[in-house]
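One structure is given below, encoded as structure tokens.
Below, the structure is given as structure tokens:
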């Protein structure tokens, strides 16, 4: 065998496999004197030459000609591209080279319904300001589409500012079955049952990490996949948006566990208003405070263009916070006077609105009737034009019950008499202005009922509005005198501190040396 050996005859079988003609391009290569290692190739049964070739000892000088079919597919011998050839190739359609010939078979990712289903998703809260704005857009668009004077084509609609998403896209929901998280017993220590209703129970729990007490509401039955799932999610949405006001029960978190909905809320240590009035009615002063706090909470809810639709004593909770009485604390600083805890601390009582399961939007109402004892007539007749006045009506009946009206009727002549504006007998004596306010709140005509903001400005709830000018002047003079005395005490304290800072016990006659060296 010569130094430059040609293997073209040995590759005839390979050329025949590629259906090549005799006039093909010469593909022979000459190797130098050095031995070039061959890259490993898989052995095919039909390729008899490669099987025999691998069994032979490697020659010292080889001329290896690769298979024409594969090398031709690589397009290694194409002429250089010129502007003319580029134009010619762009005008002629070419088929792409199959990847399997160069890189072998590879799995191709095919989009499927399962792949779309496992994408991370989140619910859209319908009570957020952005969702409310979107709902307004959608309702306006639908009204314009249903208008008889509409003279716009489908093309014009698609080109308008309102997209198809704004008109037709429903609120996306993540099913509770897709978000089951075992948190309850891991993160919380259950103390006791503090409330139970038709749809759920409320437990007093302590967080194992931060040590704080929370009210955990857990649905009685599994709600995932049931008709109650929408109501449970609705309560979470409302709490997340409204739980920022001091007169609305604060919201912390919510999750699904074992297909039950669990909501972590603020714990109100005073219980519910229903528990408080079960033994005795509220005093006139306490009734004013309750109405003032609930009106502030309702005013906030209505300002967010939402309504509660289930105001009643069972859904109003009491938070009692103890604060140090600064006047009695200053009196005991000398150590000669001892006061008990009731004199040292002042109790600050705050009424808060809770149980937001019936909250709905004023602009896009999805009304679910609450307790029939506190429901106005217009809601029963499905008149939703004055939804915020339904909350005012329920608050008026709540005030009557707190004043000793007893358990309110669920139906019958007494139920209809209250809807006609008649006030039942009260065990607690109320002032004339307070009674007139409650009367206006349960007026049969919803347009005659005051708004929550108007209730806040009423003289019956704001004692300062009913005071005379002389009384206000007298109180102002007393406050000015008190401020002057406090200013004098502050000046004396500042002089004492200054005198203490300028005196030295040792070396009063010696001037202190000051170093001018900078380090």
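In full-length UniProt numbering, the protein residues as written are 1 to 519.
We put the beta carbon where it would ideally sit given N, CA and C, even for glycine.
For residue j and residue i, believed in contact at Cβ under 8 Å, the rounded distance
i, j, result
"residue 265", "residue 204", "Going by Cβ atoms, the distance from residue 265 to residue 204 rounds to 11 Å, so no, they are not a contact pair."
"residue 269", "residue 320", "6 Å"
"residue 369", "residue 446", "No, residue 369 and residue 446 are not in contact; Cβ-Cβ is about 16 Å, not under 8 Å."
"residue 360", "residue 306", "7 Å"
"residue 276", "residue 318", "6 Å"
Per DSSP, the bridge partner or partners of residue i
i, result
"residue 264", "216 and 253"
"residue 231", "None, per the DSSP bridge assignment."
"residue 200", "219"
"residue 346", "323"
"residue 206", "189 and 213"
"residue 195", "202"
"residue 351", "318"
"residue 447", "Note: residue 447 sits in no beta bridge, so no partner."
"residue 360", "307"
"residue 248", "353"
"residue 272", "317"
Distance between residue j and residue i (C-alpha atoms, nearest Å)
i, j, result
"residue 387", "residue 182", "38 Å"
"residue 292", "residue 185", "38 Å"
"residue 443", "residue 255", "41 Å"
"residue 358", "residue 237", "11 Å"
"residue 436", "residue 489", "47 Å"
"residue 214", "residue 397", "30 Å"
"residue 364", "residue 347", "41 Å"
"residue 161", "residue 133", "Model confidence at residue 161 stands at a pLDDT of 43, short of 50, so the residue's coordinates are unreliable and nothing is read from them."
"residue 222", "residue 189", "21 Å"
"residue 394", "residue 200", "22 Å"
"residue 273", "residue 478", "37 Å"
"residue 390", "residue 448", "12 Å"
"residue 500", "residue 491", "14 Å"
"residue 249", "residue 425", "32 Å"
"residue 227", "residue 460", "44 Å"
"residue 472", "residue 434", "22 Å"
"residue 496", "residue 480", "25 Å"
"residue 520", "residue 210", "As displayed, the chain neither begins before 1 nor continues past 519, which places residue 520 out of reach and without an answer."
"residue 421", "residue 439", "7 Å"
"residue 128", "residue 193", "32 Å"
"residue 414", "residue 308", "25 Å"
"residue 416", "residue 427", "21 Å"
"residue 349", "residue 392", "22 Å"
"residue 208", "residue 399", "39 Å"
"residue 170", "residue 367", "Bear in mind that a pLDDT of 45 at residue 170, under 50, signals an unreliable position, so the number given afterwards is only what the model happens to contain. Straight-line Cα distance between these residues: approximately 18 Å."
"residue 296", "residue 441", "15 Å"
"residue 252", "residue 411", "38 Å"
"residue 483", "residue 282", "36 Å"
"residue 234", "residue 124", "11 Å"
"residue 198", "residue 458", "36 Å"
"residue 219", "residue 131", "27 Å"
"residue 431", "residue 362", "34 Å"
"residue 191", "residue 202", "11 Å"
"residue 262", "residue 231", "13 Å"
"residue 280", "residue 195", "20 Å"
"residue 423", "residue 380", "20 Å"
"residue 271", "residue 278", "12 Å"
"residue 487", "residue 345", "26 Å"
"residue 322", "residue 229", "39 Å"
"residue 475", "residue 485", "16 Å"
"residue 298", "residue 247", "9 Å"
"residue 259", "residue 224", "5 Å"
"residue 418", "residue 267", "34 Å"
"residue 126", "residue 493", "57 Å"
"residue 382", "residue 294", "25 Å"
Residue-level contact to chain D via CB, residue i, 8 Å cutoff
i, result
"residue 405", "Looking at the structure shown, chain D is missing, and only one protein chain is on hand."
Segment contact flag, the stretch 301–315 with the stretch 368–378, C-beta cutoff 8 Å, min 3 pairs: yes
The stretch 448–457 / the stretch 296–311 touching (three or more Cβ pairs under 8 Å): yes
Touching by the beta-carbon criterion (3+ pairs, under 8 Å), the stretch 401–410 and the stretch 275–295: yes
The stretch 345–359 contacting the stretch 237–249, beta-carbon criterion three pairs below 8 Å: yes
Uninterrupted alpha helix (DSSP H) stretches inside the stretch 375–402 (no shorter than 4 residues): 377–380 and 387–400
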